[in-house]
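Undergrad: 1 is the number of the first residue of the sequence shown in full-length UniProt numbering; add one for each residue after it.
Glycine included, each C-beta is placed from N, C-alpha and C at the ideal position.
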Amino acid sequence: MAEGLYNEMIQSKVEPDVVIHGVLINAFADVGSVKEAARNGRFEEATNITRRMRELGLLTDVLSYNNVLGLYAMDGRFREAVSIFREMVSSCVQPDDSTFKSLGSVLVKCGVPKRAVNRLQVTRKKDVQISLQIWLATLSSVVEMYEDEDEDGNHDDYA
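Structural data, given as structure tokens:
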């Protein structure tokens with residue numbers, strides 16, 4: 001239903017606002033599972049809406065960023081999730097608990113022990129700016145190593 005309204009708005013040359021885009025991203029995320037949505041081609045629609053929000057300058061608040069970040073994290077698109085977080089920080093949008101929950105999920109899915117993620121969570125309560133830099137560096141490194149993993153499940157030797 002939401003998709004139909006969105007398509008109708010676009011065809012009528014009525015530009016949806018940030019609220020409409022946010023509702024649509026939530027609708028795609030709430031399909032039951034992102035994997036099911038991806039099988040039905042809906043995940044790509046959600047990422048297209050995200051791209052459009054960026055182009056129109058509508059990806060501006062923590063809720064919009066969290067919706068997009070969570071969608072990428074659930075689908076295992078870790079590089080995209082980190083990219084969204086990086087964009088969020090550079091846009092001076094302050095991450096919240098939901099943001100860090102999604103980021104923690106990314107780290108755990110990449111093989112970082114929950115205990116390490118919990119310790120990382122503690123850093124953000126001490127100094128927000130330093131914490132953001134630590135999170136960015138950690139996420140970038142872990143996701144890069146995760147993606148370099150070969151088919152046998154072994155990481156490339158870095159030593």
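Compare the beta carbon distance of residue 132 and residue 89 with 7 Å and say whether it is the shorter of the two.
TA: Residue 132 sits at position 132 when you count from the first residue of the sequence shown. Residue 89 sits at position 89 when you count from the first residue of the sequence shown. Yes, the Cβ-Cβ distance between residue 132 and residue 89 is below 7 Å.
Undergrad: When you compare the CB positions of residue 98 and residue 118, do they come within less than 7 Å of one another, or not?
TA: Position 98 of the sequence shown, counted from the first residue, corresponds to residue 98. Position 118 of the sequence shown, counted from the first residue, corresponds to residue 118. No, these two residues do not count as a Cβ contact at 7 Å.
Undergrad: Any idea what DSSP makes of residue 99, helix, strand or coil?
TA: Here residue 99 refers to the residue found at position 99 of the sequence shown. Looking at residue 99 - three-state DSSP - the assignment turns out to be helix.
Undergrad: Please look up how many angstroms separate the CB atoms of residue 79 and residue 100, rounded, as I've assumed it's under 8 Å.
TA: Sequence index remark: in the sequence shown, residue 79 carries index 79 (1-based). Sequence index remark: in the sequence shown, residue 100 carries index 100 (1-based). The pair is not a contact, with the Cβ atoms about 18 Å apart (cut-off 8 Å).
Undergrad: Could you check what DSSP says for residue 126 in three-state terms: helix, strand or coil?
TA: Numbered from 1 along the sequence shown, position 126 holds the residue referred to as residue 126. Residue 126 falls in the helix class under three-state DSSP.
Undergrad: Going by the beta-carbon positions, is the gap between residue 93 and residue 68 smaller than 7 Å?
TA: Position 93 of the sequence shown, counted from the first residue, corresponds to residue 93. Position 68 of the sequence shown, counted from the first residue, corresponds to residue 68. No. Outside cutoff.
Undergrad: I'd like to confirm something about residue 19: is its beta-carbon nearer than 6 Å to some heavy atom of the ligand ZN, or not?
TA: Ligands displayed in this structure: none; no statement on the ligand ZN is therefore possible.
Undergrad: Residue 64 and residue 22: beta carbons closer than 7 Å?
TA: Indexing the sequence shown from 1 puts residue 64 at position 64. Indexing the sequence shown from 1 puts residue 22 at position 22. Contact: yes.
Undergrad: For residue 102, count neighbouring C-beta atoms within 10 Å of its own C-beta (all shown protein chains included) and say buried if the count is 16 or more, exposed if not.
TA: On the sequence shown, position 102 is the one that residue 102 refers to. Its Cβ being crowded by 16 or more others within 10 Å, residue 102 is buried.
Undergrad: Using CA atoms only, rank isn't needed, just tell me which of 144, 120, 9, 72 is closest to residue 134.
TA: For this step, residue 134 is matched to residue 134 along the sequence shown. Nearest of 144, 120, 9, 72 to residue 134, Cα basis: 120.
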